[in-house]
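Colleague:
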Amino acid sequence: MRKMNEYERHAYLYSAWSALLVPCLLTIWITWSILPSELDTFHMIQKTLGIVASCAVVYAALGFYIRELFRSTSKMIFQFPMFKENETRMPTTELLLWKNKLLSRSQIEQVHHKLQAQYGYLMLDEQQEYADELEARRNIVGAVGIMKEATRGNKMLLQCNYRYGYQRNLLGGLVWSFMIVLLLLIASYVYNLKYMAGCWLALIFVLIQGVVAFFFMKYAARNYARTLIISFISK
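Shown next, in the form of structure tokens:
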């Protein structure tokens, strides 16, 4: 099996484990309540360590093997609807559009000049963008690919990329965590089990995690875009 690189560990694996944290804790609680509770101190410690260790190992392995599923889920549900599959709505694209005025004219001009002078890539001017905005967006997507390649290895940019990848993939994992907890909640209701309150609480925590991760993902995406442009200009 191929060894994971640093980005895959941060953005794929750690986000998968974070997404599975609530289902893991819920499983520990349910397992704890099923096993005998009238034990002496020694056996109580054994029970606690056994349950926690077993659940941790199972969910850690699960996160490792389905991390790519979480990534794909997040792209399909969150990234593509927000930023488009062809990346024409990515924050970097929005920043480099003349009409949005999110960057100074000087910064956009520096990007245009550097791309043409050093890479032979011609970007659209203001009039051309106004005449065909979709083509301007596609043109910027091509430019962003060159900028990423030119700034490859930039440590600050890598950190921004890790943060964005982590939050994006965490969202995908939380979709599956929500489904796991929801199934446990339904089973508790159908079979009249005593886990309803715990499942509701877990469901609320997963939703809170998701809302927080969503806003952090949007921030991380914008931060990455700005850092990419600044790194490219200053390179």
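The numbering of the sequence shown is this note's numbering, which starts it at 882 and goes up by one.
Even glycine gets a Cβ: it sits at the ideal position worked out from N, Cα and C.
Rounded to whole angstroms, what's the CA-CA distance from A937 to I909? Just pull it up for me.
Modeller: Near 9 Å, if we compare the C-alpha coordinates of I909 and A937.
Colleague: Is the distance from the Cβ of A1106 to the Cβ of P904 below 7 Å?
Modeller: No. Outside cutoff.
Colleague: In its own chain, which residues sit with a C-beta less than 8 Å from the C-beta of V1022, not counting the 5 before and 5 after it?
Modeller: Closer than 8 Å at the Cβ level, and outside the excluded window around V1022, lie N967, E968, T969, M971 and T974.
Colleague: By the three-class DSSP mapping on this structure, what secondary structure does V912 have?
Modeller: Going by the sequence as given, residue 912 is Thr instead of Val. In the structure shown, T912 sits in a helix (DSSP, three-state: H, G or I).
Colleague: What three-state label does DSSP hand G1023 in the structure shown?
Modeller: G1023: helix per DSSP, three-state reduction.
Colleague: In chain order, what residues of the same chain have a beta carbon less than 6 Å from the beta carbon of Y1045, not counting five sequence neighbours either side?
Modeller: Excluding sequence neighbours, Y1045 sits near A1101, A1102 and Y1105.
Colleague: Whole angstroms is fine: what's the gap from F959's alpha carbon to Q927's?
Modeller: Distance between the alpha carbons of F959 and Q927 is about 43 Å.
Colleague: Does DSSP classify I947 as helix, strand or coil?
Modeller: Looking at I947 - three-state DSSP - the assignment turns out to be coil, as it is neither helix nor strand.
Colleague: What whole-angstrom Cβ distance do I1067 and L976 have, given they're in contact under 8 Å?
Modeller: Their Cβ separation, rounded to whole angstroms, is 44 Å, which puts I1067 and L976 out of contact at 8 Å.
Colleague: If we count the other Cβ atoms within 10 Å of its Cβ and call it buried at 16 or more, is M1028 buried or exposed?
Modeller: M1028 is buried by the Cβ-count criterion.
Colleague: Quick one: Cα of Y1043 to Cα of R1019, how far?
Modeller: Computed Cα separation, rounded: 25 Å.
Colleague: If you follow the alpha helix (DSSP H) that W898 is part of, which residue opens it and which one closes it?
Modeller: Looking at the DSSP string, the run of the alpha helix (DSSP H) that includes W898 is Y895 to A900.
Colleague: Rounded C-beta distance between V1062 and A1078? I'm assuming under 8 Å.
Modeller: No, V1062 and A1078 are not in contact; Cβ-Cβ is about 13 Å, not under 8 Å.
Colleague: Quick check on W898: buried or exposed, where buried means 16 or more other Cβ atoms within 10 Å of its Cβ?
Modeller: With 16 or more Cβ atoms within 10 Å of its Cβ, W898 is classed as buried.
Colleague: On a CA-only basis, which of K1075, L901 and Y1070 is nearest H1086? Give me that one, please.
Modeller: First, the amino acid is wrong: residue 1086 is Phe here, not His. For the residues K1075, L901 and Y1070, the minimum Cα distance to F1086 belongs to L901.
Colleague: Mark G931 as exposed unless 16 or more other C-beta atoms lie within 10 angstroms of its C-beta, in which case mark it buried.
Modeller: Its Cβ having fewer than 16 others within 10 Å, G931 is exposed.
Colleague: Flag this pair as yes or no: are the beta carbons of I1114 and Q991 separated by less than 7 Å?
Modeller: Cβ distance < 7 Å, so I1114 and Q991 count as in contact.
Colleague: As a quick exercise: from Y940, R948, L916 and W913, pick the residue whose alpha carbon is nearest that of Y893.
Modeller: Of the candidates Y940, R948, L916 and W913, the one whose C-alpha sits nearest the C-alpha of Y893 is R948.
Colleague: Need the endpoints of the alpha helix (DSSP H) that N1104 sits in, please.
Modeller: Where N1104 is concerned, the enclosing alpha helix (DSSP H) stretches over M1077 to S1115.
Colleague: To the nearest whole angstrom, what separates the beta carbons of Y1002 and H891, a pair I think is in contact under 8 Å?
Modeller: The pair is not a contact, with the Cβ atoms about 30 Å apart (cut-off 8 Å).
Colleague: Considering just the uninterrupted stretch of the alpha helix (DSSP H) at S987, what are its terminal residues?
Modeller: Where S987 is concerned, the enclosing alpha helix (DSSP H) stretches over R986 to Y1000.
Colleague: Closest to S955 by C-alpha separation, out of I1089, S1069 and F1095, would be which residue?
Modeller: Cα-wise, what sits closest to S955 is F1095.
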